[in-house]
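*Asks:* Mind looking over this structure? Questions follow.
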Amino acid sequence: MTQVTVKHLWKTFGNQVVLENVNLHVGDHEFVTIVGASGCGKTTFLRMLLGMETPSRGEFLIDGNALPSEPGPDRGIVFQRYSLFPHLTVMQNLLLGLELRGAPLCGRLFGAARRRALERAKELLDAVGLAAAADKYPQQLSGGMQQRLSIAQSVICEPKILLLDEPFGALDPGITADMHLLILKLWNMNKMTIFMVTHDLQESFELGTRLLVFDKVRVDPQAPDAFGATITFNIPLKGHREPVQAPMPGG
Amino acid sequence: MRRLVNQQPGRGAAFGLSALPFILIVAAYLFYSHARLLENPGDKLLPAPATIAATLHEYAFEEDERSGEYLLWNDTWASLERLLTALAISAFLGVTLGVAIGVLPYLKATLAPFVAVVSLIPPLAILPILFIVVGLGEVAKITLIVIGVTPVIARDLSMRVAELPREQIIKAQTLGASTWHLVLRVVLPQMWPRLLDALRLTLGSAWLFLIAAEAIASTEGLGYRIFLVRRYLAMDVILPYVAWITLLAFSMDGLLRLFRAKAFAWAKAGV
């Protein structure tokens, strides 16, 4: 069970108010999609969830505990780019999470532990359709394959929360539909909570169980930095909690 | 007529063109050497190829009368031993220091300005200090190279670490990586090819420091020999020695490049 609670959250950089008075409660196994104009604090919000930024005021709680101030294995992240390790093959990229958690000293697994990890990684590699590319390096993969690997790499650690920062923004529209099916499949398999920032409104309605719109309520033309953005719409959606079979219409 | 920037030589032409400067310089040497020797058969400045070959044979394949050693190989071995020892020490120190500075902000704040200042001390200027402190032996020569090369490698690698995408470092932490894990599995493996690049770039200055140290205080070595025979205007020794040193440096550079391409297929040169 994962509950995310945000109470009267503010984030300021110097005189610039980025987020003001954000309140939110997200229950277990939700798929939260976040939209909003550029510079409206969506990414700042995500970075706070990740632990890269700390709130200026207010509270950010996971299961009632304050958010740690650094990234950790309970919150996975998929960035738009650069989140794979270029010196590791696809299989090694996928294994890394299991190896790091299983071997605090050398960061590598051996013997039976390694065989178990390999089995688990192979399963997931099949699930994301990358089994044939196991021995390739990330730069030999297409953009869609790279993102699939990046998602699998996070999911293998079974995070409570998965954060997606415009993960499909740089992909061909044709590939995006496949990626939607994949992320829904993994979300239902692992029962995690997903926060996804996106620019694609249709995507946000299609995937989410809850849609958040970040926008500025007040604007002072003389002092554009004086007021920050907040959640202006918090819309519960139907979502796809049951397994998805066929391609989604219009995906 | 296409623009010059779009005109490419073919494979054969490119090879011929690359040989051209070498051919020109050899031809010019032969011409002027011949001209000078015609005027004065005792001229020592541009010895004839036959004289150079005879001297080279004497140095490489005949025992020295006084020491009973083959001078060229003896000098080569002495110099290479110093150079490779110093480069190995520099690589180890440079990687340790560079990665630590690149990864740990506290260490960066403490050491980065210091390393930057040290890297600007001209190593040859402190050579006298080294001779005074550690004596005239091998340690002084190796230390000189290490002092000259290590800060360059350390600064280069710390910058390469800083160039790693922030996303990678964050992602590794969300996969459960500790600081030690980050160094061991994410940063270091990506620094090995960078280290080879840094070594290739510092190879030239390493040779410079080696020969300077050997010239001042030594009893064997390539640099020692050149400066020894300078007194007798023995260009027939100096010229082949310089060519030999160049060939050694060139081969080391090529081996490093080859090794990088073979061992780190994921890291294309220049990426």
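So the protein sequences, as listed, match chains F and P.
Read in order, the letters of the first sequence are residues 1 to 251 in the numbering used here.
Read in order, the letters of the second sequence are residues 1001 to 1271 in the numbering used here.
Built from N, CA and C at the ideal position, the CB exists for glycine as well.
Being a predicted model, the structure only gives us computed values, none of them experimental.
Name the residue from Trp1244/P, Phe1227/P, Glu1167/P whose alpha carbon lies nearest to the alpha carbon of Thr1076/P.
*Replies:* Position 76 of the second sequence, counted from the start, is the residue given in the question as residue 1076/P. It is Trp1244/P.
*Asks:* Using 10 angstroms around the beta-carbon of Asn1006/P, count the other beta-carbons present and answer buried if the total reaches 16, otherwise exposed.
*Replies:* Locating residue 1006/P in the second sequence gives position 6, where the first residue counts as 1. Under this definition Asn1006/P is an exposed residue.
*Asks:* Could you give the distance in angstroms between the alpha-carbon of Glu1069/P and the alpha-carbon of Ile1147/P?
*Replies:* As a working mapping, residue 1069/P is identified with position 69 in the second sequence. As a working mapping, residue 1147/P is identified with position 147 in the second sequence. Their backbone Cα atoms lie some 32 Å apart in a straight line.
*Asks:* Do Trp187/F and Pro79/F count as a contact pair if the criterion is CB distance below 7 Å?
*Replies:* In the first sequence, the residue the question calls residue 79/F occupies position 79. In the first sequence, the residue the question calls residue 187/F occupies position 187. Residue identity check: residue 79/F is Phe in the sequence provided, not Pro. It is not a contact, given that the beta carbons lie outside the stated cut-off.
*Asks:* Identify the continuous beta strand (DSSP E) that holds Glu59/F and give its terminal residues.
*Replies:* The count along the first sequence starts at 1 and reaches residue 59/F at position 59. Per DSSP, Glu59/F belongs to the beta strand (DSSP E) from 57 to 62.
*Asks:* Specify the secondary structure class of Gly118/F as computed by DSSP and reduced to three states.
*Replies:* Your numbering for residue 118/F matches position 118 in the first sequence. Note that residue 118/F is Leu in the sequence shown, not Gly. It is helical.
*Asks:* Give me the chain P residues within the contact set of Glu70/F, using Cβ-Cβ distance strictly less than 8 Å, ordered along the chain.
*Replies:* As a first step, residue 70/F is located in the first sequence; it is residue number 70 there, counting from the start. What Glu70/F touches in chain P: Gln1173.
*Asks:* Take the Cβ of Glu206/F as the centre, count every other Cβ of all protein chains shown within 10 Å, and call the residue buried at 16 or more, exposed below.
*Replies:* Here residue 206/F is taken as the residue at index 206 of the first sequence, counted from 1. Answer is buried; the Cβ neighbour count reaches 16.
*Asks:* Assuming Leu61/F and Thr5/F make a contact with CB atoms under 8 Å, what is their CB distance in whole Å?
*Replies:* Here residue 61/F refers to the residue found at position 61 of the first sequence. Here residue 5/F refers to the residue found at position 5 of the first sequence. About 4 Å separates the two Cβ atoms, so the contact holds.
*Asks:* Can you confirm whether the region 188 to 204 of chain F touches the region 158 to 170 of chain F when touching is taken to mean that 3 or more C-beta pairs between the two stretches lie within less than 8 Å?
*Replies:* Short answer: they touch.
*Asks:* Return no unless some Cβ of chain F is closer than 7 Å to the Cβ of Leu1196/P.
*Replies:* To locate residue 1196/P, count along the second sequence from 1; it is residue 196. Judged by the 7 Å Cβ criterion, Leu1196/P is not in contact with chain F.
*Asks:* Could one say the Cβ of Gly1098/P lies closer than 7 Å to chain F's Cβ atoms, at least one of them?
*Replies:* Along the second sequence, one-based indexing puts residue 1098/P at 98. Not an interface residue.
*Asks:* Within this structure, are the beta carbons of Ala112/F and Gly102/F separated by less than 7 Å?
*Replies:* Here residue 112/F refers to the residue found at position 112 of the first sequence. Here residue 102/F refers to the residue found at position 102 of the first sequence. No, these two residues do not count as a Cβ contact at 7 Å.
*Asks:* Are the region 79 to 88 of chain F and the region 1150 to 1163 of chain P touching, with three or more C-beta to C-beta distances below 8 Å?
*Replies:* Too few Cβ pairs lie closer than 8 Å, so no.
*Asks:* So with CB distances below 7 Å, who are the chain F contacts of Val1186/P?
*Replies:* If you number the second sequence from 1, residue 1186/P lands on position 186. Per Cβ cutoff of 7 Å: Phe85.
*Asks:* So, for Thr44/F: in the same chain, excluding its five sequence neighbours on each side, which residues have a beta-carbon less than 8 Å away from its beta-carbon?
*Replies:* As a working note, residue 44/F is residue 44 in the first sequence. Once the five neighbours on either side are set aside, the close Cβ partners of Thr44/F are Lys11, Val18, Leu19, Glu53.
*Asks:* With DSSP run on the structure shown, which of helix, strand or coil describes Ile161/F?
*Replies:* As a working mapping, residue 161/F is identified with position 161 in the first sequence. In this structure, Ile161/F counts as strand in the three-state DSSP scheme.
*Asks:* Can you check which of these residues, Leu1182/P, Tyr1059/P, Arg1155/P, Arg1066/P, is closest to Tyr1241/P by C-alpha distance?
*Replies:* Taking the second sequence and counting its residues from 1, the one referred to as residue 1241/P is at position 241. Nearest option by C-alpha distance: Tyr1059/P.
*Asks:* Candidates Gly72/F, Ile156/F, Leu9/F: which alpha carbon is nearest Gln92/F's?
*Replies:* For the purposes of this step, residue 92/F is taken as residue 92 along the first sequence, with counting starting at 1. Gln92/F has its Cα closest to that of Ile156/F, out of Gly72/F, Ile156/F, Leu9/F.
*Asks:* Rounded to the nearest angstrom, what separates Asp1197/P and Ala1263/P at their Cα positions?
*Replies:* Taking the first residue of the second sequence as 1, we reach residue 1197/P at position 197. Taking the first residue of the second sequence as 1, we reach residue 1263/P at position 263. One C-alpha to the other measures close to 13 Å.
*Asks:* Here's a check: name, in chain order, each residue in its chain whose Cβ is nearer than 6 Å to the Cβ of Ile1211/P, leaving out the five neighbours to either side.
*Replies:* Numbered from 1 along the second sequence, position 211 holds the residue referred to as residue 1211/P. Around Ile1211/P: Gly1223.
*Asks:* Cβ of Val90/F within 7 Å of Cβ of Thr230/F?
*Replies:* If you number the first sequence from 1, residue 90/F lands on position 90. If you number the first sequence from 1, residue 230/F lands on position 230. Taking 7 Å as the Cβ cut-off, Val90/F and Thr230/F do not qualify as a contacting pair.
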